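Following: one structure in C-alpha cells, then a few remarks.
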Amino acid sequence: MKLEIKCFIICKVLPLVWLNMAQIQQVGAPEEKEKTTALKDLLSRIDLDELMKKDEPPLEFPDTLEGFNYAFNELGQLRHIQTGDPFVFNYREDLHRWNQKRYEALGEIITKHVYELLEKDCELEKVYLPVDATDSEPRSFIFMSKDAMTNPDKMLVLIHGSGVVRAGQWARRLIINEDLNSGSQIPYIKRAMKEGYAVIVLNPNENYIEVEKSKVPADQPSPDSSDEPAEKRERRERNPKETKKRRDFYEKYRNPQKEKETLQVYIRMIQREADVKNKVAAVALTDSVHNVWHQDASKTLREWMRENCCNWVSSSEPLDTSVESTLPDCPRVSAGTERHELTSWKSFHSIFKFFDDALQAKNTKTKPTPTRRSNRIKHEDL
Numbered sequence: 001m002k003l004e005i006k007c008f009i010i011c012k013v014l015p016l017v018w019l020n021m022a023q024i025q026q027v028g029a030p031e032e033k034e035k036t037t038a039l040k041d042l043l044s045r046i047d048l049d050e051l052m053k054k055d056e057p058p059l060e061f062p063d064t065l066e067g068f069n070y071a072f073n074e075l076g077q078l079r080h081i082q083t084g085d086p087f088v089f090n091y092r093e094d095l096h097r098w099n100q101k102r103y104e105a106l107g108e109i110i111t112k113h114v115y116e117l118l119e120k121d122c123e124l125e126k127v128y129l130p131v132d133a134t135d136s137e138p139r140s141f142i143f144m145s146k147d148a149m150t151n152p153d154k155m156l157v158l159i160h161g162s163g164v165v166r167a168g169q170w171a172r173r174l175i176i177n178e179d180l181n182s183g184s185q186i187p188y189i190k191r192a193m194k195e196g197y198a199v200i201v202l203n204p205n206e207n208y209i210e211v212e213k214s215k216v217p218a219d220q221p222s223p224d225s226s227d228e229p230a231e232k233r234e235r236r237e238r239n240p241k242e243t244k245k246r247r248d249f250y251e252k253y254r255n256p257q258k259e260k261e262t263l264q265v266y267i268r269m270i271q272r273e274a275d276v277k278n279k280v281a282a283v284a285l286t287d288s289v290h291n292v293w294h295q296d297a298s299k300t301l302r303e304w305m306r307e308n309c310c311n312w313v314s315s316s317e318p319l320d321t322s323v324e325s326t327l328p329d330c331p332r333v334s335a336g337t338e339r340h341e342l343t344s345w346k347s348f349h350s351i352f353k354f355f356d357d358a359l360q361a362k363n364t365k366t367k368p369t370p371t372r373r374s375n376r377i378k379h380e381d382l
C-alpha cells in the first residue's frame, strides 16, 4: 500500500508541474524564457521524496550498541536487548531516508565493535601507517598479529572489498542481519593463527580522512560542470552572487537537514609490485570485480595472477566447480552461493585448502591447483 501511495503522489505532482512549465513557455518574452530555464533547473535538482519529508525527525542517533537497544548474543547475532528480535530497518514507517541514516549510524558502531574484537578477541595489534608520518600528516591503520614481523614460515593478509566496510569486515549487512561469523574476517583470523600463520588485516577503505569544509568558494564548479550548457555557465559567471543564492535555495529543498560538507585528504601509500610477486604464494579472491586491463596491469602481473590467484565467484553451481569467464585473468570457481556478500564465508574451507596446496607447491617447487576439484578442471585452464 505504501508503494501505491508513493506512485500516486509522483503521478499527481509531475503532470501539474510540467503543465505550468508549458504555460510559461508560451509567453515567449526573454525574461520569461530565463525564468523557464531556472524552473527547469530547479525541478532537475529537487528530490520530491526528500521534499515531502522535510519535516522528518532530527538525524541524531545513539553512539553505542546499548543506545540502540541492541547487543550481540553468544552466537554472534545482533539482537534487541528487550525482545530478542533481529535488527529492524524500517523503524519509522514512510521515513526511508531517516531509517537509512539510522542504519548507517549503527554501521559506524559495528565498525568500532569489530575493531575492538580484533584487538581483544583475536589479540591483534593496531599499527598506524605511514610509520614515518609527521604529526600533521593524515594516517590510517591496520591490524597485525604479534608475530607478523618475525614469523619465518607463512602469513595471511586479509583485504576486504570496496564500500563502507572496514578492517575485519566482509559485509556489514551480514554482521547486522546474520552474524559475525559470516560477515566478519574473525573466523579467517582465528583459523589462520591456529594453523601457524602470521596475520595482517588491511584497511584499504580507510585511505583518506574527511575534514569539514569551512567555506565553499563561490566560483567552484559544480560536480557536473562538464555537462553544463554554455548559456547556463555564462549566466552563472556573470552573476556569481545570484548563482550562490539559487544554489542555497536548491539545497534547502534537496537536503532539509543539511549535513556537513567535507573534503577528502588522502593518506600516503606505497606500491611494491615486485615484492608482492616474489613473496606472495597465493591469492584467494571472493567475487572480486577487478579488471586488470582497466587498471593498467603489466603483462608479467597478469601472468602471475593466472598462476597464483583463484576467484570464488557467486554462482548457482556447487562449491569449487569451475566457472567460465570472458576475462582470463585467473581461474574462477563457484563459491557455492549466488549471494555476493556470502562468498567469503561459503568458500572458507576451500580457500584454506587452496593456501595449503600453494604452500606445499612452493616447498616442492611444483605448480599448485586451486582446490581438490582438480579432476574437474583442465590443466590448461590454470
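Residue numbering for the sequence shown follows the UniProt record's numbering, beginning at 1 and increasing consecutively.
Ideal placement from N, C-alpha and C gives every residue a C-beta, glycine not left out.
For clarity, every value in this text was computed on a predicted model and none was experimentally measured.
When secondary structure is reduced to three states using DSSP, M144 falls in the strand class.
Annotated three-state conformation of T262 is strand, per DSSP. S347 sits buried, since 16 or more C-beta atoms from the chains shown fall within 10 Å of its C-beta. At the C-beta level, F143 and K126 come within 7 Å of one another.
DSSP places W345 in the uninterrupted alpha helix (DSSP H) bounded by 343 to 346.
Each residue's CA atom was taken as its position, placing H96 and V88 some 12 Å apart.
Counted as a single uninterrupted DSSP element, the stretch harbouring V165 is not any alpha helix (DSSP H), since DSSP gives it neither H nor E.
In this structure D329 is buried. Its beta-carbon is surrounded by 16 or more other beta-carbon atoms within 10 angstroms.
Distances from the alpha-carbon of W345 to those of W312, V323, D357 put W312 closest. Between the alpha carbons of E32 and F141 lies a gap of roughly 57 Å. In the DSSP annotation of this structure, E303 is not part of any beta strand (DSSP E); the continuous alpha helix (DSSP H) holding it starts and ends at 299 to 308.
Excluding sequence positions up to five before and after F72, its CB lies within less than 7 Å of the CB of L78, L180, all in the same chain and listed in chain order.
Counting along the chain, E116 sits inside the alpha helix (DSSP H) bounded by residues 96 to 120. Note on geometry: alpha-carbon atoms of G196 and I175 lie some 27 Å from one another.
Beta-bridge analysis with DSSP links A192 to no other residue. The three-state reading of DSSP puts I176 in helix, counting H, G and I together. Annotation: the continuous alpha helix (DSSP H) that includes V276 extends over 273 to 279. At a Cβ-Cβ threshold of 7 Å, G107 and R172 count as neighbours. Under DSSP, S322 takes part in a beta bridge, and its partners are V333. Straight-line spacing of the CA atoms in N177 and P86 works out to 7 Å. Here F355 carries a helix assignment [DSSP, helix/strand/coil]. E93 has its alpha-carbon roughly 15 Å from the corresponding atom of P58. Per DSSP, V292 is not a residue of any beta strand (DSSP E), being assigned neither H nor E. Boundaries of the beta strand (DSSP E) harbouring V201: 198 to 201, taken from the DSSP string. Residue D63 holds the alpha-carbon nearest to the alpha-carbon of Y103 among K299, Y128, A284, D63. Residue pairing of M155 in beta bridges, as defined by DSSP: A198.
Counting only residues of its own chain and dropping the five nearest sequence neighbours on each side, I110 has a CB closer than 7 Å to the CB of R172, I175, I176.
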